[in-house]
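Before any comments, here is the structure.
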Amino acid sequence: MTDEKKINIVLAGQGNAGKSSVFNYLTGLHQHIGNWAGKTIEKREGTLFYKGFTIDVLDLPGIYSLTTFSVEELISREYIISQKPDYVVNVIDSTNLERNLIFTLQLLELECPVILDMNMVDLAWRKGIAIDYQELENILNTPVVPTVASRGAGLTTIIDKIIERRRQRTGIASIRYGKEIESCIEQLILMLKDKELQYPARWIALKLIEKDAAITKAINEKYPGIVEKAGELNRSLEQIHGHDSSLVIADERSHLASQITRTIVKINRKKQVRLNDRLDAITTHKFYGYLAMILIMGGMFLTVFTFGNWLSGLFDTLFKNWHDWWNMNVGVTFAASLGWSAVESVLALIQIALPYILPFYIILYILEDWGYISRISFLMDHLMHKMGIHGKACISFIIGLGCNVPGCLSCRIMETRRERFITAVLVTMVPCSAVSVIVFGLVGKYVGLLWALGLYVFAMALVFLVGKISSKLLLGEPVELIMAMPDYKTPHVRTIVAQTWDSLKEFVYIAAPIVIVTGVVIQAINLAGWMPAISSFLYPVTVTWLGLPAITGILLIFGVLRKELILVMLAAYLGTSNFGNALSPQQMITLAVVSMFYIPCVATISVLWKDYGWKKALAVCIIEIVFAIILAGLVSRLLDLVF
Amino acid sequence: MSNKNQRISLIELEEGQAGNIVSIQGGRNMLKRLADLGLNEGAEIKLIGRTLFTGPVQVEVCNSRFVIGRGMASRIIVVPK
Numbered sequence: 332m333t334d335e336k337k338i339n340i341v342l343a344g345q346g347n348a349g350k351s352s353v354f355n356y357l358t359g360l361h362q363h364i365g366n367w368a369g370k371t372i373e374k375r376e377g378t379l380f381y382k383g384f385t386i387d388v389l390d391l392p393g394i395y396s397l398t399t400f401s402v403e404e405l406i407s408r409e410y411i412i413s414q415k416p417d418y419v420v421n422v423i424d425s426t427n428l429e430r431n432l433i434f435t436l437q438l439l440e441l442e443c444p445v446i447l448d449m450n451m452v453d454l455a456w457r458k459g460i461a462i463d464y465q466e467l468e469n470i471l472n473t474p475v476v477p478t479v480a481s482r483g484a485g486l487t488t489i490i491d492k493i494i495e496r497r498r499q500r501t502g503i504a505s506i507r508y509g510k511e512i513e514s515c516i517e518q519l520i521l522m523l524k525d526k527e528l529q530y531p532a533r534w535i536a537l538k539l540i541e542k543d544a545a546i547t548k549a550i551n552e553k554y555p556g557i558v559e560k561a562g563e564l565n566r567s568l569e570q571i572h573g574h575d576s577s578l579v580i581a582d583e584r585s586h587l588a589s590q591i592t593r594t595i596v597k598i599n600r601k602k603q604v605r606l607n608d609r610l611d612a613i614t615t616h617k618f619y620g621y622l623a624m625i626l627i628m629g630g631m632f633l634t635v636f637t638f639g640n641w642l643s644g645l646f647d648t649l650f651k652n653w654h655d656w657w658n659m660n661v662g663v664t665f666a667a668s669l670g671w672s673a674v675e676s677v678l679a680l681i682q683i684a685l686p687y688i689l690p691f692y693i694i695l696y697i698l699e700d701w702g703y704i705s706r707i708s709f710l711m712d713h714l715m716h717k718m719g720i721h722g723k724a725c726i727s728f729i730i731g732l733g734c735n736v737p738g739c740l741s742c743r744i745m746e747t748r749r750e751r752f753i754t755a756v757l758v759t760m761v762p763c764s765a766v767s768v769i770v771f772g773l774v775g776k777y778v779g780l781l782w783a784l785g786l787y788v789f790a791m792a793l794v795f796l797v798g799k800i801s802s803k804l805l806l807g808e809p810v811e812l813i814m815a816m817p818d819y820k821t822p823h824v825r826t827i828v829a830q831t832w833d834s835l836k837e838f839v840y841i842a843a844p845i846v847i848v849t850g851v852v853i854q855a856i857n858l859a860g861w862m863p864a865i866s867s868f869l870y871p872v873t874v875t876w877l878g879l880p881a882i883t884g885i886l887l888i889f890g891v892l893r894k895e896l897i898l899v900m901l902a903a904y905l906g907t908s909n910f911g912n913a914l915s916p917q918q919m920i921t922l923a924v925v926s927m928f929y930i931p932c933v934a935t936i937s938v939l940w941k942d943y944g945w946k947k948a949l950a951v952c953i954i955e956i957v958f959a960i961i962l963a964g965l966v967s968r969l970l971d972l973v974f
Numbered sequence: 091m092s093n094k095n096q097r098i099s100l101i102e103l104e105e106g107q108a109g110n111i112v113s114i115q116g117g118r119n120m121l122k123r124l125a126d127l128g129l130n131e132g133a134e135i136k137l138i139g140r141t142l143f144t145g146p147v148q149v150e151v152c153n154s155r156f157v158i159g160r161g162m163a164s165r166i167i168v169v170p171k
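Those protein sequences? They're chains G and E, same order as listed. Here the first sequence stands for residues 332 to 974, where the numbers follow this note's numbering. Here the second sequence stands for residues 91 to 171, where the numbers follow this note's numbering.
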């Protein structure tokens with residue numbers, strides 16, 4: 332492979348612009364998801380083989396701005412400046428052109444080759460927005476390509492243009508701002524011109540006027556004179572404009588963005604009221620919005636339960652005779668029974684966990700793709716403030732319903748460290764899909780659906796209570812909510828299938844091996860006759876205090892790896908998934924309560940560790956263990972009165 | 091609105107009513123964050139809806155929808171249209 336045939340491009344854009352669709356369409360299965368060095372921020376890379384070219388595609392984190400507010404923003408800008416990608420593909424939400432252009436202007440300031448991917452032009456057209464792409468191309472001196480990334484329309488045009496222009500680092504646009512600012516920039520560029528710099532001089536000048544902390548510090552170390560001069564110029568700018576120089580630049584950008592938008596966009600407002608507008612009005616309404624939320628979330632749980640039970644029953648009939656077959660054909664020796672426990676563990680995983688996890692993810696991704704989760708944030712903001720956080724935390728909570736790991740990771744959307752930590756701790760208490768396996772597969776199936784839903788309500792009430800307490804303990808004012816409200820979109824099947832498959836892949840590659848090893852280990856302990864010793868060690872907690880069978884002790888220990896293990900292993904150990912014979916309703920509910928809260932799973936603990944340090948991670952674990960045991964014991968005693 | 095030039099806070103607009111932002115009272119970071127989203131002095135802003143109690147408000151600025159916390163919204167001063 333010669334270098335001639337290698338191109339690297341990065342995708343940059345604001346949240347909700349459809350960057351993931353572009354990335355998935357371009358790279359398909361050739362994806363690699365890792366982390367940025369030393370950060371818990373996802374780094375998505377992939378490769379596209381096209382017309383004999385090898386094109387490396389990097390998906391930068393979705394951001395609003397290229398000023399140093401958040402780690403993502405810093406990462407993105409550092410990458411573009413230092414790695415000098417051949418092209419930056421700026422994915423733009425055409426329905427929100429003006430806001431997206433502000434970001435585009437910031438990208439162009441970096442003086443890198445940019446190509447504009449005007450995404451979702453179909454939605455824009457339906458909204459009555461007509462855009463003059465040619466005019467935009469002329470104004471910005473940057474190629475502009477209309478696309479519909481979810482269908483892949485227009486994406487090859489972008490790649491073709493990149494291949495065509497790859498060697499000419501032209502097309503670097505020159506954006507000019509107001510006269511006073513330009514004169515300041517000019518004076519600074521004069522001073523910066525002959526210095527050794529890692530960044531374009533004009534960009535540094537802009538950042539100095541913007542009072543960007545990182546750049547000001549870096550320049551001040553080498554050339555304090557320039558920073559001093561910038562300070563002088565800033566003060567004069569502030570006198571003219573009457574507010575902070577950093578805002579002067581931001582204002583300039585948004586004025587320019589709105590001026591460009593006015594030139595190239597024609598809006599035919601008279602289009603019919605679309606279905607999505609009506610849905611929007613209902614789902615964010617003062618009263619109906621809350622009603623719709625209860626119906627949607629309730630409907631989700633009901634579907635997961637009904638579908639899960641049906642599929643689980645189907646697998647049950649399918650796997651029924653496998654054990655007899657194994658005993659007949661493989662035998663009942665020590666090795667054979669260890670072998671069977673490995674097989675049985677996997678079967679149990681497929682039969683007990685998969686049927687509930689699968690619909691859960693599908694529905695969550697549909698809600699996300701549709702744009703509903705932002706509506707929940709809007710409706711719940713008031714309640715969230717009572718917990719010292721704001722509405723965006725709901726996004727983390729709902730992701731946490733699927734899996735606590737991405738739930739905790741998503742807490743970085745919160746603005747301050749304090750809020751991030753409170754949200755992360757609360758996410759660990761949100762029952763994830765693994766726990767829902769226990770709640771639905773055990774309590775829902777054998778005690779009653781209302782009890783299962785009751786457990787969810789109970790968990791939500793506890794999250795609220797703990798949030799209230801932690802906001803009192805960790806002092807500080809909650810930051811205000813500022814969030815873009817995306818338009819409703821028709822959920823896109825391809826995206827949802829891809830996302831669900833991603834989550835299931837994790838299930839196959841990580842859960843299955845753990846389940847096999849754990850299954851064999853438990854069976855070995857059992858065959859060796861050590862079970863009573865281990866169980867008796869935990870006897871005071873599991874049997875005396877919680878009133879559960881002694882075997883649950885070892886299940887709860889292994890459950891730290893993955894919580895669905897508790898039920899999967901119980902089925903493997905009992906040799907049947909008919910839990911009705913083994914546990915009383917009261918024991919089922921108690922077991923579910925312990926499983927919900929007793930500790931975050933290993934993967935979640937490691938995220939807490941990385942993001943907040945081992946002390947906080949350990950504290951969370953210990954507090955949750957003690958709390959869950961006390962709570963479940965009390966629940967068990969209360970249930971004595973019911974059953 | 092009887093007086094066209096009266097200055098009121100964003101949350102005092104009627105649902106569906108638009109106004110021009112004349113000032114925003116907030117810290118530098120907050121103002122910059124808002125400016126990056128297109129909310130700055132002179133911008134036209136429309137109140138789309140509120141929630142119960144003291145929840146956030148939904149607004150429309152340059153054809154995009156945003157949600158802004160009640161506290162912040164009350165510090166955005168507009169002249170209603």
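Glycine residues also receive a C-beta, built at the ideal position from the N, C-alpha and C atoms.
Mind listing which residues of the stretch 146-169 of chain E have their C-beta closer than 7 Å to chain G's C-betas, in chain order?
-> Pro146, Gln148, Cys152, Asn153, Ser154, Arg155, Phe156, Val157, Ile158, Gly159, Gly161 and Met162
Would you say G/Ile506 faces chain E, with C-beta separation under 7 Å as the test?
-> As a first step, residue 506 of chain G is located in the first sequence; it is residue number 175 there, counting from the start. No, G/Ile506 lies away from the interface with chain E (no Cβ there is under 7 Å from its Cβ).
Which ranges would you report for the alpha helix (DSSP H) in the stretch 668-707 of chain G if only whole runs of at least 4 residues count?
-> 685-701
With DSSP run on the structure shown, which of helix, strand or coil describes G/Met449?
-> As a position in the first sequence, residue 449 of chain G is number 118, starting the count at 1. In the structure shown, G/Met449 sits in a strand (DSSP, three-state: E or B).
Check G/Tyr381 in the structure and name its three-state DSSP category.
-> Numbered from 1 along the first sequence, position 50 holds the residue referred to as residue 381 of chain G. Looking at G/Tyr381 - three-state DSSP - the assignment turns out to be strand.
For G/Ile363, which beta-bridge partners are listed by DSSP?
-> Within the first sequence, numbered from 1, the residue matching residue 363 of chain G stands at position 32. The identity of residue 363 of chain G in the sequence shown is His, whereas the question assumes Ile. Answer by DSSP bridge pairing, in chain order: G/Glu376.
Flag G/Ile753 as yes if its beta-carbon sits less than 7 Å from any beta-carbon of chain E, otherwise no.
-> The sequence position of residue 753 of chain G within the first sequence is 422, counting from 1. Cβ-Cβ to chain E under 7 Å: no for G/Ile753.
Measure from the alpha carbon of G/Pro392 to the alpha carbon of each residue in G/Gly359, G/Ser413 and G/Gly349, then state which is nearest.
-> As a working note, residue 392 of chain G is residue 61 in the first sequence. Minimum Cα distance to G/Pro392 is reached at G/Gly349.
One or two residues paired with E/Ile111 in a DSSP bridge = Taking the second sequence and counting its residues from 1, the one referred to as residue 111 of chain E is at position 21. DSSP output for E/Ile111 lists E/Val168 as bridge partner(s).
Should E/Arg97 be flagged as near chain G, meaning a C-beta pair shorter than 7 Å?
-> To locate residue 97 of chain E, count along the second sequence from 1; it is residue 7. Chain G contact via Cβ: absent.
Euclidean distance between Cα positions of G/Asn347 and E/Val169 = Taking the first residue of the first sequence as 1, we reach residue 347 of chain G at position 16. Taking the first residue of the second sequence as 1, we reach residue 169 of chain E at position 79. About 31 Å.
Within 7 Å (strictly less), CB to CB, does G/Thr615 reach chain E?
-> For the purposes of this step, residue 615 of chain G is taken as residue 284 along the first sequence, with counting starting at 1. Chain E, which has a Cβ nearer than 7 Å to the Cβ of G/Thr615, makes this yes.
Does E/Asn130 get closer than 7 Å to chain G when you measure Cβ to Cβ?
-> If you number the second sequence from 1, residue 130 of chain E lands on position 40. Cβ-Cβ to chain G under 7 Å: yes for E/Asn130.
Within 7 Å (strictly less), CB to CB, does G/Ala815 reach chain E?
-> Reading the first sequence from its first residue, position 484 is the one you call residue 815 of chain G. Yes, G/Ala815 lies at the interface with chain E (some Cβ there is under 7 Å from its Cβ).
On the three-pair Cβ rule with 8 Å, is the stretch 631-646 of chain G touching the stretch 683-702 of chain G?
-> yes
Kindly indicate the opening and closing residues of the alpha helix (DSSP H) around G/Asn421.
-> Stepping through the first sequence from its first residue, residue 421 of chain G is reached at position 90. Here G/Asn421 belongs to no alpha helix (DSSP H); instead the beta strand (DSSP E) covers Tyr418 to Asp424.
Note down the Cα distance separating G/Trp671 from G/Thr664, rounded to an integer number of angstroms.
-> Counted from its first residue, the first sequence places residue 671 of chain G at position 340. Counted from its first residue, the first sequence places residue 664 of chain G at position 333. Spanning the two alpha carbons is a distance of roughly 10 Å.
Out of curiosity, what's the CA-to-CA distance linking G/Ala765 and G/Ser576?
-> Here residue 765 of chain G is taken as the residue at index 434 of the first sequence, counted from 1. Here residue 576 of chain G is taken as the residue at index 245 of the first sequence, counted from 1. Cα to Cα, G/Ala765 sits roughly 51 Å from G/Ser576.
Chain C within 7 Å of E/Lys122, Cβ atoms only | Absence of chain C from the displayed structure is noted, the protein chains being G and E.
Indicate whether G/Lys337 and G/Thr385 have their beta-carbon atoms separated by less than 7 Å.
-> The count along the first sequence starts at 1 and reaches residue 337 of chain G at position 6. The count along the first sequence starts at 1 and reaches residue 385 of chain G at position 54. Result yes, Cβ atoms of G/Lys337 and G/Thr385 sit closer than 7 Å.
Does the Cβ-Cβ distance between G/Gly860 and G/Ser802 come in under 7 Å?
-> By one-based count along the first sequence, residue 860 of chain G stands at place 529. By one-based count along the first sequence, residue 802 of chain G stands at place 471. In this structure, G/Ser802 does not lie closer than 7 Å to G/Gly860 by Cβ.
Where does E/Glu134 fall in DSSP's three states?
-> One-based indexing of the second sequence puts residue 134 of chain E at position 44. Here E/Glu134 sits in strand by DSSP.
Okay, do the stretch 447-455 of chain G and the stretch 479-491 of chain G touch, 3+ Cβ pairs below 8 Å being the bar?
-> yes
Could you give the DSSP three-state label for G/Asn339: helix, strand or coil?
-> If you number the first sequence from 1, residue 339 of chain G lands on position 8. Strand.
Count the CB pairs spanning the stretch 766-773 of chain G and the stretch 896-908 of chain G that are closer than 8 Å, and state whether there are at least three.
-> yes
Regarding G/Trp832 and the ligand ATP, is the C-beta to nearest heavy atom distance less than 6 Å?
-> This structure does not include the ligand ATP; it has no bound ligands of any sort.
Answer yes or no: does any C-beta atom of chain E fall closer than 7 Å to that of G/Asn427?
-> The count along the first sequence starts at 1 and reaches residue 427 of chain G at position 96. Yes - at least one Cβ of chain E is within 7 Å of the one on G/Asn427.
Can you give me the Cβ contacts of G/Gly850 inside the same chain, cut-off strictly under 7 Å, excluding the 5 residues immediately before and after it?
-> The residue you call residue 850 of chain G lines up with position 519 of the first sequence. Only Ser672, Ala673, Glu675, Ser676, Met900 and Ala903 meet the Cβ criterion.
When the Cα atoms are used, what is the spatial distance from G/Ile726 to G/Met624?
-> The residue labelled residue 726 of chain G in the question sits at position 395 within the first sequence. The residue labelled residue 624 of chain G in the question sits at position 293 within the first sequence. Their Cα atoms are separated by approximately 14 Å.
Going by DSSP, name the residue or residues bridged to E/Gln148.
-> Within the second sequence, the letter at position 58 stands for residue 148 of chain E. Answer by DSSP bridge pairing, in chain order: E/Gly139 and E/Val157.
Ignore the nearest five residues each way along the sequence and tell me which others in G/Ala948's own chain have a CB closer than 7 Å to its CB.
-> Here residue 948 of chain G corresponds to residue number 617 of the first sequence, with the count starting at 1. Excluding positions up to five away in sequence, the list reads Ile936, Leu939 and Trp940.
Please classify G/Ala536: is it buried, with 16 or more other beta-carbons within 10 angstroms of its beta-carbon, or exposed?
-> To locate residue 536 of chain G, count along the first sequence from 1; it is residue 205. G/Ala536 is buried by the Cβ-count criterion.
Does the count of Cβ pairs from the stretch 721-735 of chain G and the stretch 910-924 of chain G closer than 8 Å reach three?
-> no
Which chain G residues are close to E/Ala125, counting only those with a beta carbon under 7 Å from its beta carbon?
-> For this step, residue 125 of chain E is matched to residue 35 along the second sequence. Chain G residues near E/Ala125: Leu578, Ala581, Asp582 and Ser585.
Closer than 8 Å, Cβ to Cβ, to anything on chain G: give me those residues from the stretch 104-119 of chain E, in chain order.
-> Arg118 and Asn119
G/Pro555 in three-state terms, based on DSSP | Taking the first residue of the first sequence as 1, we reach residue 555 of chain G at position 224. In this structure, G/Pro555 counts as helix in the three-state DSSP scheme.
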